[in-house]
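Line by line, the protein sequences are chains E and V. Quick note on the numbering used here: the first sequence kicks off at 3 and runs consecutively. Quick note on the numbering used here: the second sequence kicks off at 3 and runs consecutively.
Number of protein chains: 2
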Amino acid sequence: MKIVKVGLLGLGNIGTGTYKTLEMNKAQIEAAAECKIEITKILERDVDRKRDITVVPEQFTQDPDSIFQDPEIDIVIELLGGIEPASTFMLSAMKNGKHVVTANKAAVAANFDRLMKTAKENHVDFRFEASVGGGIPILNAITTVLRSNQFEEILGILNGTTNYILTQMTEYGLPYGDVLKKAQEKGFAEADPTADVEGIDVANKLSILMALAFDTYVAPEDIPTTGITDITRADITDAAVNGCKIKLIASAKKTENGLEYSVKPTRIPNSHPLATINNEFNAVFVRGNAVDELMFYGKGAGPLPTGSAVMGDVLEIAKLCGR
Amino acid sequence: MKIVKVGLLGLGNIGTGTYKTLEMNKAQIEAAAECKIEITKILERDVDRKRDITVVPEQFTQDPDSIFQDPEIDIVIELLGGIEPASTFMLSAMKNGKHVVTANKAAVAANFDRLMKTAKENHVDFRFEASVGGGIPILNAITTVLRSNQFEEILGILNGTTNYILTQMTEYGLPYGDVLKKAQEKGFAEADPTADVEGIDVANKLSILMALAFDTYVAPEDIPTTGITDITRADITDAAVNGCKIKLIASAKKTENGLEYSVKPTRIPNSHPLATINNEFNAVFVRGNAVDELMFYGKGAGPLPTGSAVMGDVLEIAKLCGR
Chain E
3 MKIVKVGLLG LGNIGTGTYK TLEMNKAQIE AAAECKIEIT KILERDVDRK
53 RDITVVPEQF TQDPDSIFQD PEIDIVIELL GGIEPASTFM LSAMKNGKHV
103 VTANKAAVAA NFDRLMKTAK ENHVDFRFEA SVGGGIPILN AITTVLRSNQ
153 FEEILGILNG TTNYILTQMT EYGLPYGDVL KKAQEKGFAE ADPTADVEGI
203 DVANKLSILM ALAFDTYVAP EDIPTTGITD ITRADITDAA VNGCKIKLIA
253 SAKKTENGLE YSVKPTRIPN SHPLATINNE FNAVFVRGNA VDELMFYGKG
303 AGPLPTGSAV MGDVLEIAKL CGR
Chain V
3 MKIVKVGLLG LGNIGTGTYK TLEMNKAQIE AAAECKIEIT KILERDVDRK
53 RDITVVPEQF TQDPDSIFQD PEIDIVIELL GGIEPASTFM LSAMKNGKHV
103 VTANKAAVAA NFDRLMKTAK ENHVDFRFEA SVGGGIPILN AITTVLRSNQ
153 FEEILGILNG TTNYILTQMT EYGLPYGDVL KKAQEKGFAE ADPTADVEGI
203 DVANKLSILM ALAFDTYVAP EDIPTTGITD ITRADITDAA VNGCKIKLIA
253 SAKKTENGLE YSVKPTRIPN SHPLATINNE FNAVFVRGNA VDELMFYGKG
303 AGPLPTGSAV MGDVLEIAKL CGR
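Dropping the structure here:
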């Protein structure tokens, strides 16, 4: 069997989860891909950190070009996060003929057209399932088999931190500040929660979903976005009295006036499937003109669910380049 | 652009829904497949029935071999239903080098190994997304990107008729017989509902899911199967008192003693995502060792949702044979 070689950029939490997913499920992944898959080089400064995986010191490099210019490497996985240098690294990898897989919603949303165009020009695959909905295989579905539909509407709960906060506020009647603090203590919210609670993270994901489902790229900063910081206990009680829950909803809908889109706290009737998505879970609700309504539900974050999505992309690419 | 030609076996409700899905979304499907797709021949006795689609009389044939032996046809869609002659027809199509797409759970479950083997021997694709969960793209997910996981458990609500009956019994406190009659009047249950209410239809679908997710084929008749005909109002009330709903659940789970599987009415805690799946909707709940829990929700039947799944399969095959 051919060996498909992979260069990994970043061995933080998600990188470690991805590495671990391959370690745990190597036999099964290689059987499905019909080739061997090996992570041969890792760009990472912190070589000493204890990780629950088997990495030999020789795999680490501090020089990204040693990965991009390695003729043996077929696939580059980018898990650095942030727009730069991640975007530049992905473009370099593509220009060197490497297929690219990433979980980086900020970079994909910021540079969607350029990344897609560069991948096409260089005849390489570019996959980013993990960038939207973590482990939920939504991008694969809407770009392959569900293309038999014209999409009419997409609604998503796409951020685990804010969904956790809203769920706890709803279930225990707690104020926003108290729940945020609790979420930070539990590791569900970052020390600086701005990108999550202001809806910026969700806007990135909606930008990617719209580009794929509606062939319409809208930059994240051009999506009308409201976060959850102003939601009060009174708002939540008032919604409950009216048979609704408040969720931070990413929405894109075809209308007579074109595509309408936003990220904002929204009342969802208790009877709607999205009302049942609680705590750190994510869900994407899709309406197509043939399939009618679909919903995909799962863990929107975490090292292993994200690793599942990243390795799923690697597997699909390896199937082709392993031949 | 190359033209990929399709022969269609059966133009009943699902056949018409499939034809209509292609008519409605032709431009988009062809753009995604990067080829033209044309249904050129249709095996169907009832040529006079009014259908809301544009079929020219010359497309109809009464001779299946005129489709299997047509060197111009690339893909055969089988929508006759029932084990025979559908299975024999699919095998003939494969032996003549045609890719095959079907929605026929009875035929796929009964002859899984033979159909898969014959497809492999003849280097053709064999896809059957619509056979499990109607429009829900679950088979594509578990056979492609989710292969980065080892599956631990699959739970499904896989039959719209029985889920409708149980939902109505639960919501309105009605007895089984009354709801069945109502379902038959509404067209949600067949005149002879045996295959649905006795769980036979669900056992077929679980057989297919297990073969794909666990690489373990179990014939439907070897799956311990209990239907919903003995469920009483008292059972449902007693479940409700204990915070549960009764659902007809297809279950397959890896245990220390190997794979355990069954189809039977099961108490699902109200907090479980499957408890929220009501009426004619289906859902498949999957647990993988990396991705953790996922759920896929959508319409399990109906001409257009099923047509969406069939045309999704056709699209994926056309992508490859259109090159």
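Even glycine gets a Cβ: it sits at the ideal position worked out from N, Cα and C. Source: prediction; values computed, not measured.
Asked: Would ILE31/V count as contacting chain E if we go by Cβ distances under 8 Å?; Found: yes
Asked: Using a Cβ-Cβ cut-off of 8 Å, state whether PRO271/V counts as contacting chain E.; Found: no
Asked: Starting from the Cα of ALA109/E, find the closest Cα among ASP127/E, ASN98/E, LEU82/E, GLY99/E and give me that residue.; Found: LEU82/E
Asked: Cα-Cα, which of ILE230/E, LYS122/E, ARG149/E, PRO275/E is closest to THR165/E?; Found: Residue identity check: residue 165/E is Asn in the sequence provided, not Thr. Ranking the options by Cα distance to ASN165/E, first place goes to ILE230/E.
Asked: Terminal residues of the continuous beta strand (DSSP E) containing LEU296/V?; Found: 294-301
Asked: For PHE70/V, which of helix, strand or coil comes out of DSSP?; Found: helix
Asked: Considering only residues of the same chain and omitting the five flanking positions on each side of ILE156/E, which have a CB-CB separation below 6 Å?; Found: LEU211, ALA215, ALA254, VAL288
Asked: Please classify LEU160/V: does DSSP put it in a helix, a strand, or coil?; Found: coil
Asked: Looking at GLU46/V: is its Cβ nearer than 8 Å to the Cβ of GLY84/V?; Found: no
Asked: To the nearest whole angstrom, what separates the beta carbons of ASN284/V and GLY302/V, a pair I think is in contact under 8 Å?; Found: 3 Å
Asked: Quick check: what's the CA-CA separation for ALA112/V versus PHE128/V?; Found: 15 Å
Asked: With H, G and I counted as helix, E and B as strand and the rest as coil, what does DSSP make of ALA285/V?; Found: strand
Asked: Does SER150/E get closer than 8 Å to chain V when you measure Cβ to Cβ?; Found: yes
Asked: Is the shortest distance between the beta-carbon of GLY137/E and the beta-carbons of chain V less than 8 Å?; Found: yes
Asked: For ASN206/V, which residues from the same chain have a beta carbon less than 6 Å from its beta carbon, with the 5 sequence-adjacent residues on both sides left out?; Found: LYS107, ALA108, ALA111, PRO222
Asked: Could you give the DSSP three-state label for ARG129/V: helix, strand or coil?; Found: strand
Asked: Where does the unbroken alpha helix (DSSP H) through ALA191/E begin, and where does it stop?; Found: ALA191/E -> no alpha helix (DSSP H), and no H or E assigned at all.
Asked: Give me the Cα-Cα distance between ALA252/E and MET26/V, rounded to the nearest whole angstrom.; Found: 27 Å
Asked: Below 6 Å CB to CB, which residues in the same chain sit around ALA311/V once its five sequence neighbours on both sides are set aside?; Found: GLU131, ALA132, GLY137
Asked: Taking the alpha-carbon of GLU40/E as reference, which of GLU282/E, ALA213/E, LYS7/E, THR163/E has the nearest alpha-carbon?; Found: LYS7/E
Asked: In chain V, which residues lie with their C-beta within 7 Å of the C-beta of THR23/E?; Found: SER150, ALA292
Asked: Relative to the C-alpha of LEU296/E, which candidate in HIS274/E, ASN280/E, SER68/E, MET313/E has its C-alpha closest?; Found: HIS274/E
Asked: So within the stretch 53-113 of chain V, which uninterrupted alpha helix (DSSP H) runs reach at least 4 residues, ignoring any that extend past its ends?; Found: 66-70, 88-97, 107-112
Asked: Skipping 5 residues on each side, what residues in its chain have a beta carbon closer than 7 Å to that of LEU176/E?; Found: GLN170
Asked: Find the nearest neighbour of LEU317/V within the set THR90/E, SER150/E, ALA88/E, ILE5/E, judged by alpha-carbon distance.; Found: SER150/E
Asked: Per the contact definition of three or more C-beta pairs closer than 8 Å, is the stretch 67-80 of chain E in contact with the stretch 88-102 of chain E?; Found: yes
Asked: Since PRO305/V is in the alpha helix (DSSP H), which residue starts that stretch and which ends it?; Found: 305-323
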